[in-house]
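Following: one structure in structure tokens, then a few remarks.
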Amino acid sequence: MQIGFLGLGKMGSRMVEKLLGGGHEVVAWNRTQDVISNFQLSISNFQYSSHFLSSESIGSLVKILEKPRVIWLMLPSGNVTESMITEVAQYLDKGDILIDGGNSNFKDTERRNITLAAKGIKFLGIGVSGGVHAVENGYPLMVGGDESAYKIIVPLLDTLSKPRGGHTYFGVGGAGHFVKMVHNGIEYGMMQAIGEGFGVMDKSPYHLDLLKVAKLWQKSTIVSGFLIDRAKDALEKDKKLSDKEGVISASGEGEWTVQQGKEEGVPVENIEQSVNFRERSNRDELVRSSFAAKMVSALRYEFGGHLVKKKE
């Protein structure tokens, strides 16, 4: 298939690389042109590098694409995505497909779906998981919005999800972003538990080698899995995480999950506590210096490439 792709950040560039490897043609735009140039250089020896085109403007990108156009946005949620959807939509025609693959609030996706549907534009909100490792493992893709659009882009999703990812259509409007929001809320709680557990072991009287613990816990324990693998990766680099500060940023999904849980009257205590812990890590030295906070920060870097504040 042919696809327009806006945003070549950590996730977007890897997704484009995977799409090219699947034989798709990608026309890309990025606000910073140096990013495009660097990406073109990085794929210069790639088998399908000729399938990659770049555009200096949104308007010219849309003109290159054949109808019905498919355009995927991989941008920061909030105002950036809002303004870009507004800009792209003015160039699209009835039947074109616009995809938001960022971590948008499902309520915003619902609103955008209504606005775009009134113009005849088919809108999809797709939650993308897997972090920087998904380019090899395959992306798990949580789809919501126009079902007919989903059926059209299945070849793209099949490529992105290979070899061990997957994609599922969950329903209209913001359903896909809703599922991704809850996924990330659960992720907050899981990372918090891992951080706290390793923090307890770090202070234990047994002088435990935490890297050995992580390596053993990878071997079919109840807590084995992707995040323990990333804990092992972090501890291999520094068993004490001594060069890091435990300042933990957040992109919003945990807080949104807590808000939604309260609206629905269901308990979200573990997730709420992990959200509060992250907020406190930005202002409380005791929290920031704890092994738990350092581990959560390290996990975010290992799976998503999120910035980690180094000790000065």
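Under the numbering used here, the first residue of the sequence shown is numbered 265, with each subsequent residue one higher.
Positions of the beta carbon are idealized from the N, C-alpha and C atoms, including for glycine.
### Validate contact between the region 525–543 and the region 449–459 using beta carbons, cut 8 Å, 3 pairs
yes
### Task
Throw me the rounded Cβ distance for the Gly-402 and Pro-427 pair, which I believe falls under 8 Å.
Contact between Gly-402 and Pro-427 holds, with the beta-carbon distance rounding to 5 Å and staying under 8 Å.
### Task
Please state whether DSSP places Met-265 in a helix, a strand or coil.
coil
### Message
For a test of the three-state rule: what should DSSP assign to Ile-361, helix, strand or coil?
### Response
strand
### Query
With which residues is Leu-405 paired in a DSSP beta bridge?
Val-392 and His-431
### Query
Who does Glu-289 pair with in a DSSP beta bridge?
Gln-266
### Query
Hey, Val-522 and Ile-535: beta-carbon distance below 8 Å or not?
yes
### Query
Cβ of Ser-562 within 8 Å of Cβ of Leu-480?
Residue identity check: residue 562 is Ala in the sequence provided, not Ser. No, the Cβ-Cβ distance between Ala-562 and Leu-480 is not below 8 Å.
### Message
Just to confirm the assignment, what range does the alpha helix (DSSP H) spanning Val-334 have?
### Response
Here Val-334 belongs to no alpha helix (DSSP H); instead the beta strand (DSSP E) covers 334–337.
### Query
Cα-Cα, which of His-315, Arg-333, Ser-314 and Tyr-312 is closest to Ile-322?
Arg-333
### Task
Give the single residue among Gln-524, Lys-444 and Gly-525 whose Cα lies nearest to the Cα of Asp-364.
Lys-444
### Message
Checking 8 Å against the spacing of the C-beta atoms, do Gly-516 and Ser-341 come in under that value?
### Response
yes
### Query
How about Gly-271 and Asn-294: are their beta carbons less than 8 Å apart?
yes
### 7 Å CB neighbourhood of Glu-500 in its chain, flanking five on each side removed
Leu-475
### Query
What are the start and end residues of the alpha helix (DSSP H) that includes Leu-317?
First-last for Leu-317: 316–318, but that is the beta strand (DSSP E), not the alpha helix (DSSP H).
### Task
Out of Asn-377, Val-290 and Lys-496, point me to the one whose CA is closest to Met-265's CA.
Considering only alpha carbons, the answer is Val-290.
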